[in-house]
Amino acid sequence: MKKILKGIFAGVLSISCMMLPVDVENTTLGMSKVKAAEDDGYQVVDFDASDSMEGAAVTKNGSLYMWGRNTNGEVGDNTTTAKHMPTRIMGDVKAVEKKERSTVILKTDGSIYTNGSNRYGDLGISASWDTKKLTPTKIMSDVKTYIPGSDCAAIKKNGDLYTWGGDSLSAMTGQGSKTSTPPKKLISNAVKYKSYKYYTGALSATDNLYLWGTGENGQMKLDDVADFDIKDQFWGVLKTNGDLFLWGNNHNGQIGNGTNTEQDTPVKVMSDVVSFCINNDRTATIKKDGSLYMWGKNFYGEIGNGNDMEYEVTKPVKIMDNVKSVSLFQNVTAVITKDDDLYMFGNNDNGLIGNGQAMGNQKRPVKILSNIASIDISIGNGLALSNNGEVYTWGFNSFGQLGNGTKTNSTKPIKVLTNVKKVKLVDNSVLALMYTGELYAWGENIGFLLGNTGSVSTPSKIVLPKVKSLSQATMSSINSVTYTGKEIKPSVTVKYADKVLLNNTDYTITYKNNTNAGNASVIITGKGNFTGSIAKSFVIKKRGIEKFSCTMGSKYSYAGGQIKPSITIKDGTKTLKNGTDYTVSYGKNTSLGKGTVKISGKGNYTGSISKTFTISKRSVTTLSYGGLSARTYTGKAIKPSISVKYGKTTLKNGRDYTISYGKNISPGKGSVKISGKGNYTGTITKTFTINKRSVSTLSYNSLSTRTYTGKAIKPSITVKYGKTTLKNGRDYTLSYGKNVATGKGTVKISGKGNYSGTITRSFKIVPKKPSVSIKAGKGSLKVTAKATGASGYQIAYATSAKGKLKYVTSGTSKTLKLSRNKTYYVKVRAYKTMDGKKYYGSYSSMKPCKTK
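Per this note's numbering: the sequence shown = residues 276 to 1127.
Structure follows, in C-alpha cells:
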C-alpha cells in the first residue's frame, strides 16, 4: 500500500475489542430461571439508540417502534417532529441500527430500508448530502446479514458484500467515490467487514483480507488472515497462525516495534496471539496462554504497567494472566478474565474506574466486579452487565444516569437492575432490555430518548403501544360527487372508539377507481400503532353535457350523401372525444333543407344536446371537371363530352347540370358553360383548346410522272380533309423544288388559316423523247441517241414494224450486231435512274434501217 497520508484528525471517545452492548444468552438469575412475560408478540427482542437521541425497538411480532428527537426524520413517521412516546413504524422487521442521523432497517424478507438524513450517505441512494427521507425507503433485497458500523455494509445471501455511506468528508466505503450512491458490490464470499473514517477492510471466507484507504492510497490484499482491525491511519492483522502484524501511525509507539516511527508496511509484532484490540494510540493482545500484553500511549496509566510517567510504551509489556477479553476506551482499559472478573485501570476522573476513589490514575489493574459479561464506558460513567442479568453503574450522576434514584456520583458500582438481557449506555442515558421482553430506560431525556416526557433517576419502563386493528374503526360517510376528469379524493374522518385518528400518523389513505364515473373506494391502511385496513365506497356521478360548449357548422352544401358536421364539445378546457365521451346521431342529413344532430353523453357523461344545420344547393364551382383536353380543328362545331364529379360521384347531364358551348369551331379557345340544375346551382365556364389541324392529317391526290420540258414543272394538287376539298391560298400554300431537271421534283404544302405544319410530296421528271440517228454497217447498226438529263437509253428493235422487240440498254451510242443486208425497225427511249430504279421517258418514232 502507498504511504499513508498524515494529518487526518483522530480521537474517538471509546474503542472496544468487544461488540457492545453484548447480548447475554443464558436466561438465569443466579440459580433461578427467569419467568417470561405473557407471549403476546409485543416483547422486545432487540433495540438500539444513538447520540442523536432516537431509540428503536423490534418486537417479537416484527414490529419496529421508534421515538426521540427526529430532527432529520430518523423516526420514519413522515415528520420531523419529536416523538416522546414510541410509535410503530412498520412490521416484518428483523433488526435495526440507529445511526447518528439516520436509521437502517433489515426486514425478515432480507430487504433493507433507510430513512433520515443523507449527510453521511447512509440512505444508500443517489442524492445530495442534504437529502432527507422521512419514511423508510427500500434500497436492497436478498440480504443475509447487515453489518453495523461507521458506514453501512450488508452481506447478501450469495455472499456478496455491498457497502454504502460513511464519513461525512469521504463516504469511501471502499468504492473510491466521494458521492452518495446506492449500495455497491465490494467483494464476493465475504464473512467480515470493518470501517473507520476513511478506511475500510473486508475479509473473505478464504481468509483473504482486502483493505482500502483514502482515494490516494488505493487497495491492499493480505492472505491467511483470521481477524483484522482498523483505526485512524492504524491497521492490525491477526494471521491464521497467530502472528500479529501492525503498521501505519506510530506516534505513541502503538505498533510496538520499539520506535515512534510510522511504518508503511506490516510489521510482525508478536506470535501465539488469539485476539487483539487497537484504538488510535494503543494496542492490547491476548495470547494463547491467556496473558494480556499492552503498549502505546500511557498518559493516565491505561497500559496498566504501574508507571503513569512512562507516557509512551513502545514495546509489548505483559500486564496480567487468565484474560478472556479486553476493551480499550478513551484513557481507560477494561479487562474481563476467564473467571468473569472485571479489572479496570487508567484515568479515574469522576470515579470512572469504580475503585472507590474519585480522582487519581489507576496505574495497575484493579478488580471491580465479578461474574461480568460486558462493560461499557462513557466520558463520565461506567456500566457493566453480569452473566446473571444484573446491571451495575458508577461514576458521574448529575442526570440520574446511575439509576439509583439519586443524582449523587458514585465511585463504586451500584446494582440498579436485575433480569437484564442487553444494556446500552448513550451519553448520560441508559437503555436496558429485560429477559421478559420489557424495555427500561433512565437518565437524561434529551430528545425524549427515554420514551417519555422527562428525565428519571430510576429505571422507567418504555411502553410500546399495542397495535390496534382498524377493523374496529369507523369512517365518515362520503357523499356522491360528479365526474371532474381528475382524481377525486374526498376527505374522511376516521375514528377509533371516540378518538379521531390522524392521517399519515395513524393511517394512510389511498383511493381506487376514483377518476371515472362509477363506484370508487377510499381505503384506509393502518400506520404507526394501527394495522389492517378499512374501505368505503362512494359514487362518482356522470357529468351532464347539456350546458357544455358545443360548436358546429350551421351551413352545408348538398353532397349527394349523408352530411355529418364536425362537432367540438368542451367540458371547460377539456375537449371531449367522440365515441368515448359522447355519440352523435343525424337526421334529414341527405336532402336539401334542415338537418338535425343529436349529441348523447357516453362513458363519464350523460344527457344530450340537439342542433340543426342547413343543407343548400351545391355550387357547380365546387365540382371537378374532366374531358376538356385539347381538340383539333374539324371545320365543324366541337362539343367535348365532359365529366362532372362531386368527390367520386359522377353527376348526370340534364339532371344535375346543363351545358352550352361557345367559340367551338375555329382554332383558339373554345368554352363550355356548365349551369347547375336540381341539387346544384350557379354557373361556371370552362375552356378547351382547338388546335389547328396539321396538314400531315390531310389527304392528297397522287402526283403523276412528268416529262422534262426544260422549264419549271408545277403539277396541280388536290388537298382534302375528309370529303372537303381545301383551297390553295386560304387553307394552304404550295412551293416547288427540283422541278426543272430530270429526277425527283417536290411540292411543299404549308398549312394556312385553320391548318398548320408542312408536308412534302414528290413527283418524277423523266427525259423527253431522245433524238436518234442510225448508221448502217456490215451486219451492224450504230444507234446514237441524245436526250437532256438522261442516265442511259433503252434500244428496242425488231425485224418488222410489228415484230417481236428485243431490248438493249446503252449509253449515248450503241452498235448492234445484226444480220447482213437485212432491214430492222429501231426505236429508243431515254431513262433516269432514281433511287436505284430506272424511270423511262417516251420512245422515239420507229425507224427502219438496213444493214450492209
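By construction, the Cβ of each residue, glycine as well, lies at the ideal position given by its N, Cα and C atoms.
Keep in mind the model is a prediction, meaning the values are calculated, not measured.
query                                                                                                                                                                            : result
Could you tell me if VAL548 is buried or exposed, where buried requires 16 or more neighbouring beta carbons within 10 angstroms of its beta carbon?                             : buried
Any Cβ of chain B within less than 7 Å of the Cβ of ASP498?                                                                                                                      : The structure shown has no chain B; it contains just one protein chain.
Whole angstroms is fine: what's the gap from LEU1093's alpha carbon to ASN1003's?                                                                                                : 56 Å
Tell me the start and end of each unbroken beta strand (DSSP E) in the segment 556-600 that is at least 3 residues and wholly inside, in chain order.                            : 557-562, 567-572 and 587-595
Can you determine whether any heavy atom of the ligand MN sits closer than 6 Å to the C-beta of CYS552, and answer yes or no?                                                    : With respect to the ligand MN, the structure offers nothing, as it holds no ligand at all.
Does the beta-carbon of ASN1096 have 16 or more other beta-carbons within 10 angstroms, so that it is buried, or is it exposed?                                                  : exposed
Using C-beta distances below 7 Å, list every residue in its chain close to LEU497, excluding the 5 sequence neighbours before and after it, in chain order.                      : LEU484 and VAL512
Which one of ASP614, THR608, TYR575 and ALA357 has the shortest CA to CA distance from LYS599?                                                                                   : ASP614
Could you tell me the boundaries of the beta strand (DSSP E) in which LYS469 lies?                                                                                               : 465-471
Within its chain, find whatever has a CB closer than 6 Å to the CB of SER829; leave out the 5 residues flanking it on each side and keep chain order.                            : PHE888
Taking only the alpha-carbon atoms, compute the straight-line gap between ILE652 and GLY635 and give it to the nearest angstrom.                                                 : 17 Å
Write down every uninterrupted run of the beta strand (DSSP E) in the segment 1000-1043 whose length is 3 residues or greater and which is fully enclosed by it, in chain order. : 1007-1012, 1018-1026 and 1033-1041
Tell me, to the nearest whole angstrom, how far the beta carbon of TYR1115 is from that of VAL1041; I am working on the premise that it is less than 8 Å.                        : 6 Å
Bridge partners of GLU821, per DSSP?                                                                                                                                             : DSSP lists no partner for GLU821.
Is VAL1083 helix, strand or coil by DSSP?                                                                                                                                        : strand
Taking DSSP as the reference, what is the three-state secondary structure of ILE737?                                                                                             : strand
Opposite LYS1129 in the DSSP bridges: which residues?                                                                                                                            : What is shown of the chain runs 276 to 1127, which leaves residue 1129 out entirely.
Name, in chain order, the residues that DSSP records as bridge partners for ALA331.                                                                                              : ASP323 and MET341
Buried or exposed: which applies to LYS644, given that a residue is buried once 16 or more other Cβ atoms fall within 10 Å of its Cβ?                                            : The sequence as given places Leu at residue 644; Lys does not occur at that position. That one is buried.
Would you identify the three-state DSSP class for ASP651, choosing helix, strand or coil?                                                                                        : strand
With burial defined as no fewer than 16 other Cβ atoms inside 10 Å of the residue's Cβ, what is the status of ARG893: buried or exposed?                                         : buried
On the three-pair Cβ rule with 8 Å, is the segment 937-944 touching the segment 902-913?                                                                                         : yes
Taking the straight line between their C-alpha atoms, what separation do you get for VAL466 and ASN788?                                                                          : 49 Å
Which of helix, strand or coil does DSSP assign to VAL512?                                                                                                                       : strand
Where does PHE674 fall in DSSP's three states?                                                                                                                                   : coil
Are ASN794 and SER766 closer than 7 Å when you measure CB to CB?                                                                                                                 : no
Whose C-alpha, out of LYS687, ILE988, GLY366 and ALA905, is nearest the C-alpha of PHE805?                                                                                       : GLY366
So does the segment 699-710 actually touch the segment 681-688, counting three or more Cβ pairs closer than 8 Å?                                                                 : no
Need the endpoints of the beta strand (DSSP E) that LEU706 sits in, please.                                                                                                      : 704-709
In whole angstroms, give me the CA-to-CA distance for ARG376 and GLY882.                                                                                                         : 59 Å
If you follow the beta strand (DSSP E) that THR410 is in, where does it begin and where does it stop?                                                                            : 407-415
From CYS1124 to LYS1023, what does the alpha carbon distance come to, in whole angstroms?                                                                                        : 47 Å
DSSP three-state call for SER377: helix, strand or coil?                                                                                                                         : strand
Which residue wins for smallest C-alpha separation from SER392, given the options SER386, SER403, ASP384 and GLY385?                                                             : SER403
Starting from HIS359, follow the beta strand (DSSP E) in both directions and report where the run begins and ends.                                                               : 358-365
What does the Cβ neighbour count give for GLY854, buried or exposed, with the cut at 16 atoms within 10 Å?                                                                       : exposed
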